[in-house]
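Numbering (my numbering), first residue to last: 946 to 1449.
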């Protein structure tokens, strides 16, 4: 039977019968999930647009964007038992010697017998698969926005790209020291916890308070490794990455309201945690094409599509709740990563999310608020990055004005803002990026803990929301900010490449 004639149901059977990869056996819910996935996508295409009715305001964010906690009442979700096998994962090493900057293992090669038949995108610009194409011109325009850059290929050449893109040996060494600290604080079951002191014999200080947000914390543990090209198949920390991915898939839950979906949503972490964990699974799949990651990655994407507010187009703490800009940012980044891995993404979902951003924008899109129209630094940075990924051109007047606003603000002590703002400035480029980069890079290198103690390589939480996530949260965001040179290729680059020009 030719590959193009294989149905989703047959693909699921072949997937379950195959040996190797992560899974030795797959729970029955996953088979059912794959069979229902196509039905879910078709139903979403047929969904009637509810118009541009403004999302209901649940509460007003304070001027400094502090997110107000609220009690969330959820229905019980069934936790799934999943048996994953990861090569050499009997135990997790926590003491790892960091190599010198020029020795980062970033070339990713995967054994053919565990790879998906469909090759990963080798260049920045690529054509979407038939599964995610739409018929209307509006939906095609939305899909075309996905091809505007931001690919993962530069991670293969992290050091070289950093040296030519604004990084330094010192900034790369800071990344490596930070990765060592994160590896040292992984728990025995493969997870991370925002209370990093749970590893024992730890006197780092500044633990986070979200101790029950294990999916979000584990995602924060994995993402910095993926950000410099390492995977569960290749790299100094492949065992740590594999154990973390195994943990995430093992805690995925099925929601009876979302056939074909898998939830990593937790009460303390809410949809924040699900979005972060989805990025982990989709990036790991996009980078390796590991067959056994495809199903859980697609399931996580499906849950995001289900959880979108059907009226306002956003996301918030609970599924289908009226949105806020902060949660929206993580979900849209996860959908972008899913698309880059050739997973099924309904183009109507990001299109509706643009309606939400319209509802909180000011100055014709140059500024953004949290749940109502406004202009605050973090929300503006988040929304502008989403606008860049989903179709705005570099010469869009509102984007230019928003970039100027961020440039005038400059880096701050709030790493959440810095993380998003640095990506915006990097993608936009030019003199404003150069000025921003010099300040941001040197600030992070200077503030990193360089002592000989257990906290070496980490960052002490600053202002903003770092208290809840603690030292792990601050360190992960700091590392990913320093990985900006290669973590995603520039959206507005003019050439398509398989490797950086400096290596040709």
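From the three backbone atoms N, C-alpha and C, an ideal C-beta is built for every residue, glycine too.
Given the structure is predicted, the values throughout are model-derived calculations rather than measurements.
Could you have a look at residue i and say whether DSSP puts it in helix, strand or coil?
{"i": "residue 1428", "result": "coil"}
{"i": "residue 1396", "result": "coil"}
{"i": "residue 1320", "result": "coil"}
{"i": "residue 1199", "result": "strand"}
{"i": "residue 1357", "result": "coil"}
{"i": "residue 921", "result": "The first residue shown for the chain is 946 and the last is 1449, placing residue 921 beyond what the model contains."}
{"i": "residue 1131", "result": "coil"}
{"i": "residue 1313", "result": "strand"}
{"i": "residue 1433", "result": "coil"}
{"i": "residue 1213", "result": "coil"}
{"i": "residue 1235", "result": "strand"}
{"i": "residue 1306", "result": "strand"}
{"i": "residue 1263", "result": "coil"}
{"i": "residue 1154", "result": "coil"}
{"i": "residue 1438", "result": "coil"}
{"i": "residue 1208", "result": "strand"}
{"i": "residue 1416", "result": "helix"}
{"i": "residue 1191", "result": "helix"}
{"i": "residue 1347", "result": "helix"}
{"i": "residue 1125", "result": "helix"}
{"i": "residue 1256", "result": "coil"}
{"i": "residue 1178", "result": "coil"}
{"i": "residue 1406", "result": "coil"}
{"i": "residue 1379", "result": "helix"}
Check whether the Cβ atoms of residue i and residue j lie closer than 8 Å to each other.
{"i": "residue 1333", "j": "residue 1294", "result": "no"}
{"i": "residue 1399", "j": "residue 1147", "result": "yes"}
{"i": "residue 1401", "j": "residue 1395", "result": "yes"}
{"i": "residue 1192", "j": "residue 1219", "result": "no"}
{"i": "residue 1431", "j": "residue 1102", "result": "yes"}
{"i": "residue 1096", "j": "residue 1341", "result": "no"}
{"i": "residue 1305", "j": "residue 1319", "result": "yes"}
{"i": "residue 1214", "j": "residue 1166", "result": "no"}
{"i": "residue 1403", "j": "residue 1142", "result": "no"}
Which same chain residues, not among the five before or five after residue i, have their C-beta less than 6 Å away from its C-beta?
{"i": "residue 1310", "result": "1343"}
{"i": "residue 1328", "result": "1270, 1302 and 1313"}
{"i": "residue 1159", "result": "1136"}
{"i": "residue 1106", "result": "1099, 1430, 1431 and 1445"}
{"i": "residue 1113", "result": "none"}
{"i": "residue 1130", "result": "1141 and 1144"}
{"i": "residue 1424", "result": "1120, 1123 and 1169"}
{"i": "residue 1419", "result": "1360, 1404, 1406 and 1411"}
Count the other CB atoms, across all protein chains shown, that sit within 10 Å of the CB of residue i; report buried if there are 16 or more and exposed otherwise.
{"i": "residue 1429", "result": "buried"}
{"i": "residue 906", "result": "Any question about residue 906 goes unanswered here, given that the chain covers just 946 to 1449."}
{"i": "residue 992", "result": "Note on residue 992: pLDDT 44, under 50, position unreliable in the model; the coordinate value appears next. Residue 992 should be labelled exposed."}
{"i": "residue 1397", "result": "exposed"}
{"i": "residue 1321", "result": "buried"}
{"i": "residue 1098", "result": "buried"}
{"i": "residue 1414", "result": "buried"}
{"i": "residue 1138", "result": "buried"}
{"i": "residue 1235", "result": "buried"}
{"i": "residue 1383", "result": "exposed"}
{"i": "residue 1153", "result": "buried"}
{"i": "residue 1379", "result": "exposed"}
{"i": "residue 1358", "result": "exposed"}
{"i": "residue 1200", "result": "buried"}
{"i": "residue 1185", "result": "buried"}
{"i": "residue 1408", "result": "exposed"}
{"i": "residue 1206", "result": "buried"}
Apart from the five residues on each side of it in sequence, which residues of its chain come closer than 8 Å, Cβ to Cβ, to residue i?
{"i": "residue 1182", "result": "1041, 1124, 1128, 1170 and 1175"}
{"i": "residue 896", "result": "Residue coverage of the chain in this structure runs from 946 to 1449, which leaves residue 896 outside it and unanswerable."}
{"i": "residue 1426", "result": "1360, 1363, 1364, 1367, 1385 and 1389"}
{"i": "residue 1057", "result": "The predicted model places residue 1057 with a pLDDT of 36, which falls under 50 and marks its position as unreliable, so this point remains unresolved."}
{"i": "residue 1277", "result": "1295, 1298, 1331, 1334 and 1335"}
{"i": "residue 1355", "result": "1381 and 1384"}
{"i": "residue 1352", "result": "1370, 1377, 1380 and 1381"}
Here's a check: name, in chain order, each residue in its chain whose Cβ is nearer than 7 Å to the Cβ of residue i, leaving out the five neighbours to either side.
{"i": "residue 1288", "result": "1227, 1242, 1243 and 1246"}
{"i": "residue 1390", "result": "1115, 1116 and 1119"}
{"i": "residue 1151", "result": "1405, 1406, 1415 and 1416"}
{"i": "residue 1221", "result": "1161, 1164, 1165 and 1275"}
{"i": "residue 1337", "result": "1344"}
Between residue i and chain B, is the shortest Cβ-Cβ distance under 8 Å, so that the two count as touching?
{"i": "residue 1120", "result": "The chain labelled as chain B is not found in the depicted structure, where only one protein chain is given."}
Rounded to the nearest angstrom, how far is the Cβ of residue i from that of residue j, given a contact under 8 Å?
{"i": "residue 1223", "j": "residue 1279", "result": "4 Å"}
{"i": "residue 1168", "j": "residue 1366", "result": "Not confirmed; about 18 Å, so no contact."}
{"i": "residue 1197", "j": "residue 1272", "result": "Actually they are not in contact, since the Cβ atoms of residue 1197 and residue 1272 sit about 19 Å apart, beyond 8 Å."}
{"i": "residue 1268", "j": "residue 1254", "result": "5 Å"}
{"i": "residue 1291", "j": "residue 1258", "result": "13 Å between Cβ atoms; not a contact."}
{"i": "residue 1134", "j": "residue 1156", "result": "Incorrect: roughly 14 Å between the Cβ atoms, too far for contact."}
{"i": "residue 1350", "j": "residue 1286", "result": "With a Cβ gap of about 33 Å, residue 1350 and residue 1286 do not count as contacting."}
At a threshold of 7 Å, does residue i count as lining the ligand NAP (C-beta to nearest heavy atom)?
{"i": "residue 1180", "result": "The model on display carries no ligand, and the ligand NAP is accordingly not part of it."}
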